[in-house]
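Novice: Okay, handing you the structure first.
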Amino acid sequence: MVGLRTSSKKTLKGQLVSAEETTTEVADVEVDRTVDVIKEPVPMEIADEDLVFKASDLSVFYGDFRAVRNVDMRIKRNEITALIGPSGCGKSTVLRSFNRMNDLIPTARVEGELLYQGVDLYDERVDPVEVRRRIGMVFQKPNPFPKSIYDNVAYGPRVAGRKKGLDDVVESSLKKAALWEEVKDRLNDSAIGLSGGQQQRLSIARAIAVDPEVLLMDEPCSALDPIATARIEELMAEIKDEYTILIVTHNMQQAARVSDRTGFFSVEVDEENDRRTGLLVEYTTTEKLFSNPDDERTENYITGRFG
Amino acid sequence: MANISIPPTLVGSARRERPTIESLAGPRSRARKEKFIRSIFFSAALVSIAISALIVISLVREASVFIFEIEWAQTWGQNGWFPRTGTYDMPTLLVSSLIVTVVAMLVAGPLGLGSAIYLSEYASRRTRAFLKPVLEVLAGVPSVVLGFFALFFISPQVIERIGRNGWWVIGAVMVVVYVLLVGGWARRLVKRDIETPIAVQLKRVATLTVLVATGLVLIWWVNNVAGSSDVASPDFFSVKRSGQLAAAAVGVGILTIPLVASVSEDALASVPDELRTASAGLGARKFTTTVQVVLPAAVSGIVAAFIIGISRALGETMVVFMAGGAADAAQFTSSPFDGGLTMTAGMASLATGTDNVVGEGLTFQSLYFVGLVLFVLTLALNIAAGRFVSRVREQY
Amino acid sequence: MALTTVGGASNATRRVEDEIFRRGRDLKGTSFRSLMLSALGVSILILIVLIVDVFVDGWSVLSTRLPDFITGTLRSQSSSDALGISQGLLGSLWIAVFVTVLSFPIGVAAAIYLEEYAPRNLLTKTIDIAIRNLAGVPSVVYGLLGLFLFVQTNNGNSTLYAGGITLAILVLPIVVITSAEAIRAVPSSLRQGAYGVGATKWDVIRTQILPFAAPGILTGSLLSLSRAVGEAAPLILVGAITGRLAPRGGSFVSLDQLGDRFTAMPIVIVGWVQESGRDPGFAAAAGAAIVVLLALVVMMNSVAVTLRNYFENKRG
Ligand SMILES: Nc1ncnc2c1ncn2[C@@H]1O[C@H](COP(=O)(O)OP(=O)(O)OP(=O)(O)O)[C@@H](O)[C@H]1O
Ligand SMILES: [Mg+2]
Numbered sequence: 038m039v040g041l042r043t044s045s046k047k048t049l050k051g052q053l054v055s056a057e058e059t060t061t062e063v064a065d066v067e068v069d070r071t072v073d074v075i076k077e078p079v080p081m082e083i084a085d086e087d088l089v090f091k092a093s094d095l096s097v098f099y100g101d102f103r104a105v106r107n108v109d110m111r112i113k114r115n116e117i118t119a120l121i122g123p124s125g126c127g128k129s130t131v132l133r134s135f136n137r138m139n140d141l142i143p144t145a146r147v148e149g150e151l152l153y154q155g156v157d158l159y160d161e162r163v164d165p166v167e168v169r170r171r172i173g174m175v176f177q178k179p180n181p182f183p184k185s186i187y188d189n190v191a192y193g194p195r196v197a198g199r200k201k202g203l204d205d206v207v208e209s210s211l212k213k214a215a216l217w218e219e220v221k222d223r224l225n226d227s228a229i230g231l232s233g234g235q236q237q238r239l240s241i242a243r244a245i246a247v248d249p250e251v252l253l254m255d256e257p258c259s260a261l262d263p264i265a266t267a268r269i270e271e272l273m274a275e276i277k278d279e280y281t282i283l284i285v286t287h288n289m290q291q292a293a294r295v296s297d298r299t300g301f302f303s304v305e306v307d308e309e310n311d312r313r314t315g316l317l318v319e320y321t322t323t324e325k326l327f328s329n330p331d332d333e334r335t336e337n338y339i340t341g342r343f344g
Numbered sequence: 027m028a029n030i031s032i033p034p035t036l037v038g039s040a041r042r043e044r045p046t047i048e049s050l051a052g053p054r055s056r057a058r059k060e061k062f063i064r065s066i067f068f069s070a071a072l073v074s075i076a077i078s079a080l081i082v083i084s085l086v087r088e089a090s091v092f093i094f095e096i097e098w099a100q101t102w103g104q105n106g107w108f109p110r111t112g113t114y115d116m117p118t119l120l121v122s123s124l125i126v127t128v129v130a131m132l133v134a135g136p137l138g139l140g141s142a143i144y145l146s147e148y149a150s151r152r153t154r155a156f157l158k159p160v161l162e163v164l165a166g167v168p169s170v171v172l173g174f175f176a177l178f179f180i181s182p183q184v185i186e187r188i189g190r191n192g193w194w195v196i197g198a199v200m201v202v203v204y205v206l207l208v209g210g211w212a213r214r215l216v217k218r219d220i221e222t223p224i225a226v227q228l229k230r231v232a233t234l235t236v237l238v239a240t241g242l243v244l245i246w247w248v249n250n251v252a253g254s255s256d257v258a259s260p261d262f263f264s265v266k267r268s269g270q271l272a273a274a275a276v277g278v279g280i281l282t283i284p285l286v287a288s289v290s291e292d293a294l295a296s297v298p299d300e301l302r303t304a305s306a307g308l309g310a311r312k313f314t315t316t317v318q319v320v321l322p323a324a325v326s327g328i329v330a331a332f333i334i335g336i337s338r339a340l341g342e343t344m345v346v347f348m349a350g351g352a353a354d355a356a357q358f359t360s361s362p363f364d365g366g367l368t369m370t371a372g373m374a375s376l377a378t379g380t381d382n383v384v385g386e387g388l389t390f391q392s393l394y395f396v397g398l399v400l401f402v403l404t405l406a407l408n409i410a411a412g413r414f415v416s417r418v419r420e421q422y
Numbered sequence: 003m004a005l006t007t008v009g010g011a012s013n014a015t016r017r018v019e020d021e022i023f024r025r026g027r028d029l030k031g032t033s034f035r036s037l038m039l040s041a042l043g044v045s046i047l048i049l050i051v052l053i054v055d056v057f058v059d060g061w062s063v064l065s066t067r068l069p070d071f072i073t074g075t076l077r078s079q080s081s082s083d084a085l086g087i088s089q090g091l092l093g094s095l096w097i098a099v100f101v102t103v104l105s106f107p108i109g110v111a112a113a114i115y116l117e118e119y120a121p122r123n124l125l126t127k128t129i130d131i132a133i134r135n136l137a138g139v140p141s142v143v144y145g146l147l148g149l150f151l152f153v154q155t156n157n158g159n160s161t162l163y164a165g166g167i168t169l170a171i172l173v174l175p176i177v178v179i180t181s182a183e184a185i186r187a188v189p190s191s192l193r194q195g196a197y198g199v200g201a202t203k204w205d206v207i208r209t210q211i212l213p214f215a216a217p218g219i220l221t222g223s224l225l226s227l228s229r230a231v232g233e234a235a236p237l238i239l240v241g242a243i244t245g246r247l248a249p250r251g252g253s254f255v256s257l258d259q260l261g262d263r264f265t266a267m268p269i270v271i272v273g274w275v276q277e278s279g280r281d282p283g284f285a286a287a288a289g290a291a292i293v294v295l296l297a298l299v300v301m302m303n304s305v306a307v308t309l310r311n312y313f314e315n316k317r318g
């Protein structure tokens, strides 16, 4: 066991939400991160057979606006990878391109290469529906369907054509999402009546129910209180052995707590047309990124000296 | 190698084999099904284009026969619209249409816009929730009902009771009020001169209205009470039958009220509340806010409402057909108190006159010629209205 | 400013309050407000007078022989005991069937295409423009289309299907526009959630879009149905006025009627209004027929509006 240690004690501003807020609202808080973040170190290298995603020179456009450029990333199986960075740097955009949710935005377009276990996700033969059944997504805002709890969880298997054994799927998914005990007596009630934290765990159960290999989570805790957040984090640690997880978060402590690897995104502003393009500044093990980042911009961001 | 490192208890990733391009392509049957469904929806959407094309084709095909074969002298400067005898005087129809449209808008404009302003700016949520559906019921009244109402009520009880002279004055007053209001307002908009108190104009308008109203009462008295004796026993809802363009036009106007009201209300609703709050924050009264901030901000939408109203009034058929006071032919007239045929009523009466309009010289084709003129006019109006509506959208 | 005496204080307070609330001095505001209210009041008053008028005019029929009137048939004398509107009701029923069978499915499908499938290209724009402009085309022009398509091709004989299809075409754009509006109101989070677990487009439409948009679509459909049932001008153009729909083979409703001449409620009313010049008794019959038609139409509209308001409130 090795403590994740900062090179020196630095001032970390509470929960970094965005560049603007750090300067105005959040007071400086001394945080000794050796105390609350203790985890196994992960090796830097990723063996080929453990490689789930390999993004090479990936850029995403909205129309002719390039939102993110030249992302190179290798995601390892059964790890939690966190994406952090200031608002608008394209974290969600990158995440959505990993299961082709960007296809739903008419103007969105991807350049570069994105391999999923060796298969090009953007090959024209690939069906996004098939991709999304293997690579599930949990959204920032809980979005339960206006149906019963049961029907919410059974939705994915049903559209995939599964008719038998749904009860088992629903039960095991809800158990994995740590929601079963709370809802097992009211599976036929509307999911809209659940609390925010419960709704988010329901979203996770719904994603798990289609038996995906990867879970993409876009700020899954941003709408939740600390207790609900802690539950989701626990949950991620529990299911990590079965899934590969990518999580976007604004909460750096969360990234430090839960993830094995972290990618830090930043924006560069084109002075000419005031357009902001995101880029991946640094991608390495969480331990290294938070204790000894190579890039000065990363250092500034994680210490709250954003600039 | 990869699978060995994964504990055997796991179901998720362990159970799946590595994806290949084929497995990620999904079953071909699913792609086919999705494509098939899409093509069904697509063909449904194409129906609208087909209908538009068919309308244009049908109009142009028959109308062109009329255009090429008619002696143009028969379509202009004649004394009336007598399609059965080969006289197709277009001004007869056009002037009647103009009269009906103008009078209808004199009714629908102020009532529709006023209702919209009240509902959107003044009414409480509860009043609104109650009154708006009432207007929507009015919107659903079939035009034959208004035709009946115009013929048996508006004409004998409203138009004839007040009398021609009275209506000329009322109409003139309304036009003057319109011109004053719209003119003054437009001038203010152009000058952007916030200081000019609209109150002064309103006062002028009010004085004028009072004056004219007094005159009106006098005229009405002269017309009815002093001259005739049967006014003393007005049995209001007795079935009396009479018709003229004015009655039909009022009926058309009533039909148009809800349309003007709902489009104007949309326009008013699209004015952001911040504008109202900001104005109120500067100490402006509700009235000032409404007249100087909200209405100018919604002006494109209100113009659109009026244009759509005009287009609707121009295209209304049954009210004029039933209450316009003319059968299948009409003398040229420029008076709203005569019977007459608008373009639409002319078409309807031509179609009812005999069992079969096909094959009587150019009579049948004249139907399509009038239809084409009407189509082009309303299309132009609707396109113009669409421009104004999209301007509102761009703004907010 | 320091206020010393009691009287002074109350006076000053009054003045300040007046200043703040502009009490009693906002004549302009009050008169403007009442002017707007009276516009709304007059509009509603007209509606009331209209309803009273048709009731009064039709009362002699409604009060004495309503059941006979509903089952009776078209006659040349208004005094006939057998005079009634059954053929008109039957024709209107048929028109409702045509609208339900043709306009609803095609209109909703077109709306789904436009909202869920259509790429942003010239064709989509053309479809959109076509629908918007079709909604503004005067109804009598649709009559010309029906005349051209179905009557001329049929040796000038007007038939029930000609009228039915013409009215179905007439309300199609309304169905498309209202349905598209309802579909646009479906929150995108539902779509995303469904796509996110691997639903296909058709899955999303079937399981999320249609259930959520159903009340809005139903409202629009009911409104267009009542529009079609009240519409007369296109029917006159396709020749309904001379038609009489009769029971066939002993049954009141039969598919054989499709090729028959026909009439409909609004047409019956127009016909009687015209005949009232010759035989004033028909005016009362027309009034009674209007009451029946209004009851049908207002019922459909009220259901539609109530439905919409209910769901709007429920969803906040
Ligand atoms: N649908 C879209 N169409 C056009 N531009 C978009 C769209 N979605 C995002 N963008 C733009 O792409 C850039 C990246 O957006 P993205 O949502 O990926 O950022 P993010 O890092 O997730 O920000 P946040 O932390 O606020 O969620 C932004 O400039 C944004 O304006
Ligand atoms: Mg985001």
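Protein chains in written order, with our numbering: chain L, 38 to 344; chain D, 27 to 422; chain W, 3 to 318.
Heads up, the beta-carbon is just placed ideally off N, CA and C, and yes, glycines get one too.
Please classify TYR99(L): does DSSP put it in a helix, a strand, or coil?
Specialist: strand
Novice: With a cut-off of 7 Å, does the C-beta of PRO34(D) fall near any C-beta of chain L?
Specialist: Unreliable positioning characterises PRO34(D) in this predicted model, as indicated by a pLDDT of 36, which lies under 50. The coordinate reading is nonetheless provided below. Not one chain L Cβ lies under 7 Å of PRO34(D).
Novice: If I'm right that VAL410(L) touches ASP255(L) with Cβ under 8 Å, what's the distance once you round it to whole angstroms?
Specialist: Because chain L spans 38 through 344 in this model, residue 410(L) falls outside it and cannot be assessed.
Novice: Pick helix, strand or coil for GLY387(D), following the three-state DSSP scheme.
Specialist: coil
Novice: Within 6 Å: the Cβ of SER129(L) and any heavy atom of ligand 2?
Specialist: yes
Novice: Check the Cβ-Cβ distances between LEU5(W) and every residue of chain D, and say whether any is below 7 Å.
Specialist: Only weak support is given to the placement of LEU5(W): the predicted model assigns it a pLDDT of 41, under 50, and the value that follows is read from those uncertain coordinates. Not an interface residue.
Novice: Classify TYR394(D) as buried or exposed, calling it buried when 16 or more other Cβ atoms lie within 10 Å of its own Cβ.
Specialist: buried
Novice: Counting beta carbon pairs with one atom in the segment 150-164 of chain L and one in the segment 90-109 of chain L, are three or more of them shorter than 8 Å?
Specialist: yes
Novice: Quick check: does the Cβ of SER45(W) come within less than 6 Å of any heavy atom belonging to ligand 1?
Specialist: The answer is no for SER45(W).
Novice: Are the Cβ atoms of PRO284(D) and LEU132(D) separated by less than 7 Å?
Specialist: no
Novice: Does any C-beta atom of chain L lie closer than 7 Å to the C-beta of ALA51(D)?
Specialist: yes
Novice: Helix or strand or just coil, what does DSSP make of ASP357(D)?
Specialist: The residue you asked about is not Asp; residue 357(D) is Gln in the sequence shown. DSSP places GLN357(D) in strand when its eight states are reduced to three.
Novice: Ignore the nearest five residues each way along the sequence and tell me which others in THR73(W)'s own chain have a CB closer than 7 Å to its CB.
Specialist: GLY86 and SER88
Novice: Quick one: list the residues of chain L neighbouring PRO2(W), beta-carbon separation under 9 Å, in chain order.
Specialist: Since the first residue shown for chain W is 3 and the last is 318, residue 2(W) is missing from the structure and cannot be characterised.
Novice: Could you tell me whether the Cβ of VAL72(L) comes closer than 7 Å to any Cβ of chain W?
Specialist: The predicted model places VAL72(L) with a pLDDT of 34, which falls under 50 and marks its position as unreliable; any figure quoted below should be read in that light. Look at VAL72(L): its C-beta is not under 7 Å from any C-beta on chain W.
Novice: Closest to LEU294(D) by C-alpha separation, out of ARG311(D), GLY277(D) and THR315(D), would be which residue?
Specialist: From the listed residues ARG311(D), GLY277(D) and THR315(D), the smallest Cα separation to LEU294(D) is found for THR315(D).
Novice: Counting only beta-carbon separations shorter than 7 Å, does VAL304(L) have a partner in chain W?
Specialist: no
Novice: Confirm, please, whether the CB-CB distance from LEU253(L) to LEU132(L) is below 7 Å.
Specialist: yes
Novice: Have a look at GLY140(D), THR343(D), LEU72(D) and VAL86(D) and flag the residue whose alpha-carbon is nearest the alpha-carbon of MET38(W).
Specialist: GLY140(D)
Novice: Using the Cβ count rule (16 or more neighbours within 10 Å means buried), how would you classify LEU298(W)?
Specialist: buried
Novice: Could you give the residue range of the beta strand (DSSP E) that holds MET174(L)?
Specialist: 172-175
Novice: For ALA273(W), name the three-state secondary structure that DSSP assigns.
Specialist: Note that residue 273(W) is Gly in the sequence shown, not Ala. GLY273(W): helix per DSSP, three-state reduction.
Novice: When every heavy atom of ligand 1 is checked, does at least one fall within less than 6 Å of the C-beta of GLY125(L)?
Specialist: yes
Novice: In this structure, how does DSSP classify MET81(L) when only helix, strand and coil are distinguished?
Specialist: Of the three classes helix, strand and coil, the one that applies to MET81(L) here is coil, per DSSP.
Novice: List, in chain order, every chain W residue whose beta-carbon is nearer than 7 Å to that of ILE63(D).
Specialist: TRP204
Novice: For LEU224(W), I'd like the list of residues in its chain whose CB is within less than 7 Å of its CB, leaving aside the five on either flank, ordered along the chain.
Specialist: MET302, VAL305 and ALA306
Novice: Ligand 1 and TYR99(L): does the residue's C-beta get closer than 6 Å to at least one heavy atom of that ligand?
Specialist: yes
Novice: At the level of alpha carbons, what is the spacing between GLY230(L) and LEU224(L)?
Specialist: 11 Å
Novice: Using the Cβ count rule (16 or more neighbours within 10 Å means buried), how would you classify GLU271(L)?
Specialist: exposed
Novice: Grab me the residues of LEU326(L)'s own chain with a C-beta within less than 7 Å of its C-beta, minus the 5 sequence neighbours each way, in chain order.
Specialist: Around LEU326(L): THR299, PHE301, GLU319 and THR335.
Novice: Compare the C-beta of ARG310(W) against all C-beta atoms of chain D and say whether one is closer than 7 Å.
Specialist: no
Novice: Ignoring anything shorter than 4 residues or poking outside the segment 124-156 of chain L, list the alpha helix (DSSP H) runs there in chain order.
Specialist: 128-134
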